[in-house]
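Right, one structure below, let's go through it.
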Amino acid sequence: MRFFRRWNLARGSSERLIKLEDFEMWVDPAGRGLHRGLLKRAEKLAKGDDPGPEREPEFHWIIRKELSELCQIFADRDERLVIYNLGANIGLSTLKMNHIAKSLLSRNNYFIYAIEPDPVNIYFLKKNITHNNARAQAFDCAISDFNGSSVFYRSSHSNLGALIKNELTDAGTYQVQVYSLPGFAKLFETGNPHFLKIDVEGGEVEVLRGAREFFAGCKAPCRMIMEVHPGSYSKERSLETELRFLFENGWMCKYMVSAGVVQPDKFKQAGLQPFKEFHTKNHSRGIYRDFSKEHVLEFACYEHIQEIPGKKPSRKIVRSIFLEKER
Numbered sequence: 024m025r026f027f028r029r030w031n032l033a034r035g036s037s038e039r040l041i042k043l044e045d046f047e048m049w050v051d052p053a054g055r056g057l058h059r060g061l062l063k064r065a066e067k068l069a070k071g072d073d074p075g076p077e078r079e080p081e082f083h084w085i086i087r088k089e090l091s092e093l094c095q096i097f098a099d100r101d102e103r104l105v106i107y108n109l110g111a112n113i114g115l116s117t118l119k120m121n122h123i124a125k126s127l128l129s130r131n132n133y134f135i136y137a138i139e140p141d142p143v144n145i146y147f148l149k150k151n152i153t154h155n156n157a158r159a160q161a162f163d164c165a166i167s168d169f170n171g172s173s174v175f176y177r178s179s180h181s182n183l184g185a186l187i188k189n190e191l192t193d194a195g196t197y198q199v200q201v202y203s204l205p206g207f208a209k210l211f212e213t214g215n216p217h218f219l220k221i222d223v224e225g226g227e228v229e230v231l232r233g234a235r236e237f238f239a240g241c242k243a244p245c246r247m248i249m250e251v252h253p254g255s256y257s258k259e260r261s262l263e264t265e266l267r268f269l270f271e272n273g274w275m276c277k278y279m280v281s282a283g284v285v286q287p288d289k290f291k292q293a294g295l296q297p298f299k300e301f302h303t304k305n306h307s308r309g310i311y312r313d314f315s316k317e318h319v320l321e322f323a324c325y326e327h328i329q330e331i332p333g334k335k336p337s338r339k340i341v342r343s344i345f346l347e348k349e350r
């Protein structure tokens, strides 16, 4: 807590309210990563310039499509649509999901649980939810496979902190409250989630492992989009093991998003073609469907070196996957 108090006292007038296409956000102009990117986008919008593609357009294309479909299903139900955002950062994806849901559902028919362990991020997350009157609540904790506490490794980039130490966690440590997904749902009486966004920088194995019973027993419709980090996995921390469990219990992978290039060499060799392409200043990615489970297990769960013209090679060929319960 000492770190957050020092930052809170020192931040002074460094916060800035910016206007994006669909909502406003508070950001730190001195911040790196997401803060800097959003500020530049807002400045272009204010000048009437073309801001270019949104941040991670392929990721948010999937969220818009799949969450909109879920909202249409729940529009005819008395049941509330429960959305979990694991790794909510400063609130961008939370506000995007709120914008989608509020256009299709009444305010009482959905709720977003925004979970974020970083002490600086949680400050902005809470402020952005309140400022936009979003149908959401921020929780300063992490989701893993146990209930207790753990060390959280901060990063100078707001979107790269993790429970798993890596070369990018360069900004100190912080003790955080940790729950399993079922433990969180029970404690805060959320009801079972129907849509999950999981971006936890390598901790997705523990999230899935700690919620096996829930994922096996939940009924359709239940969907999740998850970033993968094959460099963080091992025999003991195996995403392949967790995905095989899901596949054996009624889940299927609907989309894979490529990393590094639109069509990685392994995808080309397997005869896979993207059905959508996205190009930004820094990235080119494709969205794939019509692949086998074995393709997912090989491509998403393990490192593969992919050459990228003019850049360092990528050590992974899948950026994210989208899963849904079939039965």
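Numbering (this note's numbering), first residue to last: 24 to 350. Yeah, the Cβ is synthetic: ideal placement off N, Cα and C, and Gly gets one too. The model shown is predicted, which means the values in this text are computed figures rather than measured ones.
What first and last residue would you give for the beta strand (DSSP E) that runs through residue i?
i, result
"Gly309", "Ser307 to Tyr311"
"Ala165", "Ala165 to Ser167"
"His302", "Lys299 to His302"
"Arg246", "Arg246 to Glu250"
"Phe238", "It is not in any beta strand (DSSP E) - Phe238 instead sits in the alpha helix (DSSP H) that spans Arg235 to Gly240."
"Leu43", "Unbroken run through Leu43: none, as it is neither H nor E."
"Val105", "Leu104 to Leu109"
DSSP on residue i, reduced to helix/strand/coil?
i, result
"Asn182", "Any answer about Asn182 is weak, because its pLDDT of 49 lies below 50 and its placement is not dependable; what the coordinates show is given next. Correct three-state label for Asn182: coil."
"Gln292", "helix"
"Ile123", "helix"
"Met24", "Bear in mind that the predicted position of Met24 carries a pLDDT of just 43, short of 50, making it unreliable; the figure below should be weighed with that in mind. Coil."
"Phe147", "helix"
"Lys339", "coil"
"Ile344", "strand"
"Ala159", "strand"
"Lys277", "strand"
"Ser203", "strand"
"Thr153", "helix"
"Gly254", "helix"
"Val117", "Inspection of the sequence shows that residue 117 is occupied by Thr rather than by Val. If DSSP states are grouped into helix, strand and coil, Thr117 belongs with the helices."
"Leu128", "coil"
"Val284", "coil"
"Ala137", "strand"
Among the options, whose alpha-carbon lies nearest the alpha-carbon of residue i?
i, options, result
"Asp288", "Arg338, Leu262 and Thr264", "Arg338"
"Leu346", "Arg158, Lys125 and Val251", "Val251"
"Leu262", "Asp163, Glu326, Pro76 and Glu66", "Glu326"
"His302", "Asn112, Ala159 and Glu77", "Glu77"
"Phe298", "Leu57, Asp72, His58 and Ile85", "Ile85"
"Ser203", "Ala243, Gln292 and Ala165", "Ala165"
"Lys335", "Glu349, Lys316 and Asn305", "Asn305"
"Asp168", "Pro142, Gly226 and Thr153", "Gly226"
"His83", "Thr196, Tyr278 and Ala243", "Tyr278"
"Gly170", "Pro253, Glu229, Pro80 and Tyr197", "Note on identity: in this sequence residue 170 is Asn, with Gly being the wrong assignment. Taking only the C-alpha atoms, the option nearest Asn170 is Glu229."
"Glu44", "Arg59, Gly75, Ala53 and Pro52", "Gly75"
"Ile340", "Ser315, Thr264 and Gly254", "Gly254"
"Lys150", "Met48, Glu89 and Phe218", "Met48"
"Glu300", "Arg158, Gly309, Pro244 and Ala69", "Gly309"
How is the alpha helix (DSSP H) around residue i delimited, first residue to last?
i, result
"Cys19", "As displayed, the chain neither begins before 24 nor continues past 350, which places residue 19 out of reach and without an answer."
"Ile221", "Careful: Ile221 lies outside any alpha helix (DSSP H), inside the beta strand (DSSP E) at Phe218 to Ile221."
"Ser91", "Pro80 to Phe97"
"Arg267", "Leu262 to Glu271"
"Ala65", "Leu57 to Lys70"
"Arg350", "Segment: none, Arg350 is in no alpha helix (DSSP H) and carries neither H nor E."
"Arg100", "Premise fails: Arg100 is in no alpha helix (DSSP H) and is neither H nor E."
"Glu224", "That residue, Glu224, is in no alpha helix (DSSP H); it is neither H nor E in DSSP."
Is residue i buried or exposed, if buried means 16 or more other CB atoms sit within 10 Å of its CB?
i, result
"Leu32", "Low local confidence applies: a pLDDT of 36 at Leu32 is under 50, so the model's placement there is unreliable, with the coordinate-based value given in what follows. Exposed, by the Cβ-count rule."
"Ser37", "exposed"
"Ile328", "exposed"
"Arg25", "With a pLDDT of only 42 at Arg25, under the threshold of 50, the placement of this residue in the model should not be trusted; the figure read from the coordinates follows. Per the 10 Å Cβ criterion, exposed."
"Ala208", "buried"
"Glu121", "Looking at the sequence provided, one finds Asn at residue 121 rather than Glu. Classification of Asn121: buried, given that the 10 Å Cβ count is 16 or more."
"Glu271", "exposed"
"Arg350", "exposed"
"Gln286", "buried"
"Asn155", "buried"
"Asn131", "exposed"
"Arg100", "exposed"
Pop quiz: residue i and residue j are said to be a contact at Cβ under 8 Å. What is the actual Cβ separation, rounded to whole angstroms?
i, j, result
"Ser116", "Lys220", "6 Å"
"Val50", "Arg39", "6 Å"
"Ser439", "Tyr311", "Because the chain in this structure spans residues 24 to 350, residue 439 falls outside the shown range and cannot be described."
"Pro216", "Glu236", "Going by Cβ atoms, the distance from Pro216 to Glu236 rounds to 14 Å, so no, they are not a contact pair."
"Glu139", "Leu148", "5 Å"
"Ala124", "Cys94", "6 Å"
"Asn144", "Asn112", "5 Å"
"Glu89", "Arg246", "6 Å"
Contact criterion: CB-CB distance below 8 Å. Does residue i meet it with respect to chain B?
i, result
"Lys291", "Note that chain B does not occur in the displayed structure, where there is just one protein chain."
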